[in-house]
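According to our numbering, the sequence shown holds residues 50 to 340 in order. Working notes, structure below.
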Amino acid sequence: MRFRTALAAGLFGSVVCLGLLQAQKPFKQYPAIEYEDFPLPPDYKDTNHEWVRARLRYPDIYGYPNDSRLSLGPGRPWPGQWTMDYPRSDRHLLQGVRRLTRIDTRSVEQVVSLDGSDDIYNWPCLYAVEVGHWLLPPAQAQQLREYLLRGGFLMVDDFHGSEPYQDFLGPLNEWETFTHSMTRVFPDRPIEDIPDNDPIFHTLYDLQDRFQVPGYSNWMRTHTTYENGPTGKQPHWRCIRDDRGRIVVAICHNMDLGDGWENSDDPKYEEKWSSLAYRVGLNYFVYDLTH
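Laid out in structure tokens, this is it:
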């Protein structure tokens, strides 16, 4: 009787595991704004790892993916603002995770969408870039809320300023654009500044002294670390918390950590910026795994 019970339990567990594996969408590489043929790591097909960092594919204010008002030229449709720095930033970051921690990570990112399926729940650590340009419809905002309240973690990065400036197609305020969609996700949860003594700044590295990490192209063009006017000068480390006080959305405003990872091998980009970008990212990931 015990043998049959154990056998049934084992078969049930196998079915559950098989179902989970089937539910996970396979790795896929998408067209991007900056890179068309960035090389894949030799082991990119190796899925036998404990941790994967996902990147959010979202609709943007330019009409992606349905009816974009932008293009990259003949035969190159607009790939979406979500692809900024992708995939070079992701691959460099994951190399750093392997070198600097004992996290057993896959060498490539996972692109995920808020498509109503259960796929996003397979990837507990999510990154969204250029969220000053995202535009989440209500159904996607609702699923992101569900994802976060189930224990997911979202890090947003690379958006600047809180005043209007002239964008490609007219005036844009990146902070207001971000909060417009974020309020759909959490209409009743405030955005707050993260205090210096918060555990998220002390999980792996002590990050008491932080500074602005600039975007690469803006630094090369203007030699300033800020973007989009005076309100872009001060870096803000903000968050949204769940009912237990755990940070579920880490908001990196007026900085570009993605460029710090992306350009970590470029001698024209200062080492101190990339170094801080890695330390912040690793602290956030370890926090997510331990809180």
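Each residue gets a CB set at the ideal place from its N, CA and C atoms; glycine is no exception. Quick caveat: nothing in here was measured; it's all calculated off a predicted structure.
DSSP on residue i, reduced to helix/strand/coil?
i                 : result
phenylalanine 202 : strand
tryptophan 268    : helix
tryptophan 310    : helix
glutamate 241     : strand
valine 180        : helix
threonine 96      : coil
arginine 194      : helix
glutamine 71      : Its pLDDT being 48, under 50, glutamine 71 is placed unreliably by the model, and the measurement read from it follows with that caveat. If DSSP states are grouped into helix, strand and coil, glutamine 71 belongs with the helices.
aspartate 168     : helix
phenylalanine 250 : helix
threonine 154     : strand
arginine 233      : helix
threonine 274     : coil
Identify the continuous alpha helix (DSSP H) that holds residue i and give its terminal residues.
i             : result
aspartate 292 : From DSSP, aspartate 292 is part of no alpha helix (DSSP H); its letter is neither H nor E.
aspartate 337 : 320–339
valine 146    : 137–149
Does the separation of the CB atoms of residue i and residue j fall below 8 Å?
i             : j              : result
serine 120    : tryptophan 127 : yes
glycine 281   : leucine 306    : no
glutamate 311 : serine 117     : no
leucine 149   : leucine 193    : no
alanine 103   : tryptophan 172 : yes
arginine 238  : isoleucine 289 : yes
proline 186   : proline 108    : yes
valine 262    : methionine 304 : yes
leucine 89    : valine 161     : no
aspartate 255 : aspartate 134  : no
Comparing the C-beta of residue i with each C-beta of chain C, is any distance below 8 Å?
i             : result
glutamate 241 : Of the chains in the structure shown, none is chain C; there is only one protein chain.
What residues match up with residue i in a beta bridge as DSSP calls it?
i                 : result
proline 220       : Gln215
tryptophan 286    : Cys301
proline 126       : Ser120
leucine 175       : Ala103, Leu203
phenylalanine 208 : Met304
aspartate 109     : Trp183
Buried or exposed for residue i, going by 16 or more other Cβ atoms inside 10 Å?
i             : result
glycine 210   : buried
proline 341   : Because the chain in this structure spans residues 50 to 340, residue 341 falls outside the shown range and cannot be described.
glycine 201   : buried
glutamate 225 : exposed
tyrosine 327  : buried
aspartate 274 : Residue identity differs from the one stated: residue 274 is threonine in this sequence, not aspartate. Buried is the call here.
threonine 339 : exposed
arginine 140  : buried
serine 230    : buried
glutamine 71  : Per-residue confidence for glutamine 71 stands at a pLDDT of 48, beneath the threshold of 50, marking its modelled position as unreliable; the derived number appears in the next sentence. Exposed, since its Cβ has fewer than 16 Cβ neighbours within 10 Å.
leucine 197   : buried
I'd like the span of the beta strand (DSSP E) that includes residue i, first residue to last.
i          : result
valine 160 : 159–162
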